[in-house]
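A.B. asks:
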Amino acid sequence: MTMGTGTVLVVIGAGLAVGLSAIGAGIGVGIAGAAASGVTAGDREKFGLALVFQALPQTQGIYGLLVAILLLMSTGILGGNPVDVPVSVGLAAIGVGIAVGLAGLSAIGQGIAASSGAAVSARDPEIMGKGLVFSVLPETQAIYGLLVAILLMAFSGMFTGVFTISEAVGFAAIGSGLAVGFAGLSGIGQGITAGAGIVATAQQPEVMGRALIFAVMSETFAIFGLLVAILIMFGSGLMG
Amino acid sequence: MKQVYLGLHRAYLNNLLSDLHEAGLLEITNIWDAESKLRAALNEGERRPEIEKCAESIQDIATLLDVLGESREEEEEGILQLLLSPRPPRKISVDKKDFHQLCREAEEVVSGAGAAVDMKRSLDALRARLGILREQQESIALLAPFDLDLGYLGESELLYTVPVVIDTPAYQRFAEKIEKERFDTLYSSGIENGSQMVVILTTLREDRDRLDHLLQDPYIRILEIEPFTGAPREKIEAIRSEIEALHRRERELMEEVRAIDAHYGEHLRQLHEEVCIEKDRLMTHTHFGWTHDTVVIEGWAAEKDCGRLQEICDAATAGHVFCKFHDPDGTPELVPVCYDNPGWLRPFEAVTTMFARPRYGEVDPTLFTAPVLILFFALMLGDAVYGLIITVIAALLYRGAGKVSSTIRDGSIILMAAGVATVVSGILQGGYMGDFLPRFLGITPPFVIINALEEPIVFLRLALIIGIVQINLGLCIAAFQNLRKKRYTELLKGQVSWFFLQPAAAVMLFAFFGWGAFSRPVMIASVLAAVVGSGLILLRSGPLGFFDLTGFLGDWLSYARLLALALATGGIAMTVNILAQMVAGDNPLFLILAAFIFIAGQTFNFVLQTLGAFIHSLRLQFVEFFGKFYTGGGKEFSPFMAKREITELNGGGV
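Chains H and D supply the protein sequences, listed in that same order. Residue numbers for the first sequence follow numbering that gives the first Met the number 0, beginning at 0 and rising by one. Residue numbers for the second sequence follow numbering that gives the first Met the number 0, beginning at 0 and rising by one.
1. Are the beta-carbon atoms of D/Leu-452 and D/Gly-570 separated by less than 8 angstroms?
2. 8 angstroms is my cut-off, CB to CB: does D/Met-353 come that close to chain H?
3. For H/Val-95, I'd like the list of residues in its chain whose CB is within less than 7 angstroms of its CB, leaving aside the five on either flank, ordered along the chain.
4. Measuring CB atoms only, is the region 179 to 189 of chain H touching the region 96 to 112 of chain H, in the sense that at least three cross pairs come out at less than 8 angstroms?
5. Using a C-beta to C-beta distance shorter than 9 angstroms, which residues of chain H count as neighbours of D/Thr-330?
6. Out of curiosity, what's the CA-to-CA distance linking D/Ser-518 and H/Gly-169?
7. Can you list, in chain order, the stretches of the alpha helix (DSSP H) that have 4 or more residues and sit fully within the region 105 to 144 of chain H?
8. Quick check: the Cα distance between H/Val-9 and H/Gly-128, rounded to an integer number of angstroms?
9. Is the beta carbon of H/Asp-123 less than 8 angstroms from the beta carbon of H/Ala-40?
10. Rounded C-beta distance between D/Phe-499 and D/Val-531? I'm assuming under 8 angstroms.
11. Ignoring anything shorter than 4 residues or poking outside the region 383 to 459 of chain D, list the alpha helix (DSSP H) runs there in chain order.
12. In whole angstroms, what is the alpha-carbon distance linking D/Lys-90 and D/Glu-72?
13. What number of angstroms, rounded off, separates the C-alpha of D/Ile-456 from the C-alpha of H/Glu-138?
14. Taking contact to mean 3 or more Cβ pairs, one atom from each stretch, closer than 8 angstroms, check whether the region 636 to 647 of chain D and the region 264 to 284 of chain D are in contact.
15. Relative to the C-alpha of D/Ala-593, which residue among D/Thr-602, D/Phe-546, D/Asn-576, D/Gly-401 is closest?
16. Going by C-alpha to C-alpha distance, which of D/Ala-140, D/Thr-290, D/Asp-123, D/Phe-439 sits closest to D/Met-581?
17. With DSSP as the reference, please indicate the residues paired to D/Lys-323 in a beta bridge.
18. Sort D/Phe-509, D/Asn-13, D/Glu-489, D/Phe-621 by Cα distance to D/Thr-316 and report the nearest one.
19. Against H/Gly-161, what residues of chain D qualify as contacts under a CB-to-CB distance less than 7 angstroms, listed in chain order?
20. Can a CB atom of chain H be found closer than 8 angstroms to the CB of D/Ser-557?
21. Would you verify that the beta carbon of H/Ile-61 is, or is not, closer than 8 angstroms to some beta carbon of chain D?
22. Does D/Lys-278 come out as helix, strand or coil in the three-state DSSP assignment?
23. Measuring only between beta-carbons, confirm whether D/His-615 sits less than 8 angstroms from chain H.
24. Identify, in the order they occur along the chain, each residue of the same chain with its Cβ nearer than 6 angstroms to the Cβ of H/Ala-35, setting aside the five sequence neighbours on each side.
25. If you measure between the beta carbons of D/Leu-578 and D/Ile-596, is that distance less than 8 angstroms?
26. Check the DSSP bridge columns for D/Gly-44 and list the partner residues they point to.
27. I'd like to know whether the C-beta atoms of D/Arg-133 and D/Leu-245 end up nearer to each other than 8 angstroms.
28. Looking at the structure shown, is D/Tyr-11 part of a helix, part of a strand, or coil, going by DSSP?
29. According to DSSP, what are the bridge partners of D/Ser-92?
30. In chain H, what lies closer than 7 angstroms to D/Pro-455 by C-beta?
31. Taking the beta carbon of D/Asp-183 as the centre, do at least 16 other beta carbons fall within 10 Å, making it buried, or is it exposed?
32. Going by the beta-carbon positions, is the gap between D/Thr-167 and D/Thr-201 smaller than 8 angstroms?
33. What is the DSSP secondary structure of D/Met-196, reduced to helix, strand or coil?
34. Taking just the CA atoms, how far does D/Leu-185 sit from D/Val-197?
35. In the DSSP assignment, the alpha helix (DSSP H) including D/Ile-57 goes from what residue to what residue?
36. What is the rounded straight-line gap between the Cα of D/Leu-67 and the Cα of D/Cys-322?
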């Protein structure tokens, strides 16, 4: 099979999507796993509970894998007929990879929150539900990354195979990916606040609402990134 | 919720308390803790002496139950049996008894079963002796190769002989130390035993302290042997005989304890529960206000139960009682809260409680949360096969552990609703373990309305529409609460502002992006509405109002997770299918590997996505929806209720 430049760029985009998000998910799962080991050492029956918390930061890795698979399918490298992808769409695919990959680093924050959740829930199983809610807060950044990735794929014709965008628009898609991707790192800060929120809620259950407000503050910057990403898409003509 | 005051003659108190305890309708407050208006006219009640008697009785019964429990040989139920087909506890029917009847019965039964405690002491002593004998057996077995008369061990008139075990690597060091010490006479004999050396040391009696000092080493263990004259083999034989005799005696004692358990065990468990209930009842006496002849009880009851409470009071006192029911007039935070939902909604109360119980006077969000929680779960999971699996698991749990645990029953009802909704959602999204049907069977799924993987933008629009509807529902509830409590300024700044801003922003965004054209009056009205809305928000929060605006946008866009999770479920399932197909396609011999990849991958996806769908669904309720109107933090209504787990009162109590 001969690959054109466009297809090569799509493949690089797929690599960025799964590779970067795997860094985030790997570190996040590692942080949560360290707490999970401690919890299980204290009480072996808490293994299942600890495992649930450890699994949470895996989601970013799954989003990365999902987007990588969708990118590879759009070129026909995986599960279909090879398609001649133009360079412009290849550039957009790099934007897609950066969006979901960088935003996937928010899993580090999720790992921090999940480690708190595992530790606190081991002492008081009734807090588990609240711990899970706090622990999924930093996933929002990854969802924004996935959202922009899907929008970029949709508007650049990767789902339909009708490629009409110019190379300049392809570069703009990279800018879009960078905006939401880097802004997604705010998930690390959010994870730190969410971790403290779990502890605060365990001490005084009635402060959960206020602790949630503190924790979602960091999300503001992810929204800025998302807004700029959408404005780039609109300004560059991707959204029609 | 109503504040309740009961006044009665003390002669009726025990009867009324017993009936109130069985009915479980009244939360009794401690007049002397609360800011009661009546306390100035009343006296504090004394702690009842019967409580000590109850405590003693509970202690005696608990000790006996511990002893009898150790003798029981019950088969432990596995986790699957516990979940799917647990043995429901058998309820013991009991009659209503007064304190003296209960005490007499408890004394008789404790006395009848009392022999078990002596048997337990004998068993403990017997087991301690068995432990010592086993240690002796092991130590003497190490000395067997020496063929030494054990009578020589220890101190004699002139000599001191001690057997020790030394780790082989440390033996050389020990031998050098012995050499350096220059004992006048020291006989040492050693035999290697695995990684250890067994050594018998003999020295003059006056050198005992010096030798003992040398033996204080972490790598050296002195073998403690009971006094015995004869060869090690003879002693081992004697120990074996003694162990057999002790085991026989142990079995006999256990049989006797089991016989006592069979005769008295159930009666003891029943009495333990009854005496605990009686003690709880007696403990409340200090919560009441007293005069010479009357007792005043203060508490809380749900409004719907007030009539029934009046009936119980009248029946227990032959009408010699006054009952007053008032609306709460004190601090709302002190008023307990109990949910008042129809039966089908009750399982979802646990979801609300997970966040926080509603405060008194606050809208209970359970009704709004339940259907949306299920809808979001179904949209995010969106796979008919996964939904069917959840439904089956939930049905098994409902018929199994759900019969003995209300928590599991409620959880299984929620799961069942979520499972059925997911089946429907899966059919509408065309998800059957991802793209299993078209990929492997060549069947195009019927009834598909929207597929997140094929039409992500349409699904995103749907998610955002659902989001804006739910957020505005939250704002409407908040507006209703403010209107009801006449907090008009908060209503204007907190909710009306958003009702101005949202349509204005929508018009301006559509115009900006060129998605729609609007007439000049509409545009002017939109700008004005936007200015008014933003102004009200900034008036409410000051410069931080800017974060209210970004926060609102964030809340709305957060509903994009409906698309993200739906994509993840379908996408990962499809990836698993592709991998399985690729492996199977290369070589038919790899079919087993392909089947393994398919089963393991789908199982992983099912577990992870089910967990994700539930947690993200909860998050949307707690953060985005509750954030608009709900604070929570209410005090749980905790009625005075007899905790009957294994007993039931004949005639159902009151």
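We treat Cβ as the ideally placed atom computed from N, Cα and C, and that holds for glycine. All figures in this text were calculated on a predicted structure; none of them were measured in a lab.
C.D. replies: Straight from the coordinates:
1. Contact: yes.
2. Interface residue, yes.
3. Around H/Val-95: Gly-12, Ala-16, Val-66, Leu-70, Ala-148, Leu-151, Met-152, Gly-176.
4. At 8 angstroms Cβ cutoff, the stretches touch.
5. Per Cβ cutoff of 9 angstroms: no residues; D/Thr-330 is ~15 angstroms from chain H at best.
6. Near 35 angstroms, if we compare the C-alpha coordinates of H/Gly-169 and D/Ser-518.
7. Runs found: 106 to 122, 127 to 135.
8. The alpha-carbon separation between H/Val-9 and H/Gly-128 amounts to approximately 40 angstroms.
9. Judged by their CB atoms, H/Asp-123 and H/Ala-40 are not nearer to each other than the 8 angstroms cut-off.
10. The Cβ separation is near 5 angstroms, so the contact holds.
11. Whole alpha helix (DSSP H) segments, 4+ residues: 383 to 398, 405 to 428.
12. Rounded to whole angstroms, D/Lys-90 to D/Glu-72 spans 21 angstroms at the Cα level.
13. Going by the C-alpha atoms only, they are around 21 angstroms apart.
14. Yes: the two stretches touch, three or more of their Cβ pairs being nearer than 8 angstroms.
15. Cα-wise, what sits closest to D/Ala-593 is D/Asn-576.
16. Taking only the C-alpha atoms, the option nearest D/Met-581 is D/Phe-439.
17. D/Lys-323 pairs with D/Tyr-4.
18. If we check each option's Cα against that of D/Thr-316, D/Asn-13 comes out closest.
19. Here residue 161 of chain H is Val; the residue named in the question, Gly, does not match the sequence. What H/Val-161 touches in chain D: nothing, since even the nearest Cβ is about 14 angstroms away.
20. At least one CB of chain H lies nearer than 8 angstroms to the CB of D/Ser-557.
21. Chain D contact via Cβ: present.
22. Looking at D/Lys-278 - three-state DSSP - the assignment turns out to be helix.
23. For D/His-615, the answer is yes, since a Cβ of chain H falls inside 8 angstroms of its Cβ.
24. Excluding positions up to five away in sequence, the list reads Ala-49, Gln-53, Ala-117.
25. In this structure, D/Ile-596 lies closer than 8 angstroms to D/Leu-578 by Cβ.
26. According to DSSP, which records beta bridges pairwise, D/Gly-44 is partnered with nothing at all.
27. It is not a contact, given that the beta carbons lie outside the stated cut-off.
28. Correct three-state label for D/Tyr-11: helix.
29. BP columns for D/Ser-92 point to D/Glu-647.
30. Neighbours of D/Pro-455 on chain H, chain order: Ile-149, Ala-153.
31. So D/Asp-183 ends up on the exposed side.
32. No, these two residues do not count as a Cβ contact at 8 angstroms.
33. In this structure, DSSP gives D/Met-196 an extended state, which the three-state scheme calls strand.
34. Looking at the two C-alpha atoms, the distance is approximately 16 angstroms.
35. First-last of the alpha helix (DSSP H) with D/Ile-57: 49 to 70.
36. Rounded to the nearest whole angstrom, the C-alpha separation of D/Leu-67 and D/Cys-322 is 47 angstroms.
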